[in-house]
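Asker: Following full-length UniProt numbering, the numbering of the sequence shown begins with 1 at its first residue and continues without gaps.
The beta-carbon is built from N, C-alpha and C at its ideal position, and this holds for glycine as well.
It should be emphasised that the depicted structure is a prediction, and the values quoted were computed from it without experimental measurement.
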Amino acid sequence: DQMDEEDETRMVHLSETQPDDSFAMVEDARIDRIEDALAAILKELLGDQSRNTSSLRSEVIEAIHNSRNTIEEYAINVADVQVTKLEEQIFSFGKELMALKAQVNR
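1. Thinking C-alpha only, which one of Ala-63, Ala-37, Glu-62 and Glu-44 is nearest residue 110?
2. Give me the residue from Glu-87, Gly-47 and Asn-66 with the minimum Cα distance to Arg-57.
3. With DSSP run on the structure shown, which of helix, strand or coil describes Ser-55?
4. In three-state DSSP terms, what is Arg-106?
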């Protein structure tokens, strides 16, 4: 009976000194989920070569180029409008100048 107590004490001591693997298993599951998520993100980012789908990266780059082109076209249109307004002002000033010259010559 004393042997049983010693064995029991030894087992309790061993179980207390052994690392708890349940936490590691939870962490492993979390790490696996994180790895799966990162793999999915990377696949989206690079595209699926086997299915020949475009990558998120290429779509983002294309969207940036399209935005730049739109902004440049808008800027050119704004500049054209400003030039046209300046030309109209110059023409208007020219007419006023001619009218003033006509008054001076009278």
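Answerer: Put simply:
1. The structure shown does not extend to residue 110, since the chain spans only 1 to 106, so no value can be given for it.
2. Gly-47
3. coil
4. DSSP places Arg-106 in coil when its eight states are reduced to three.
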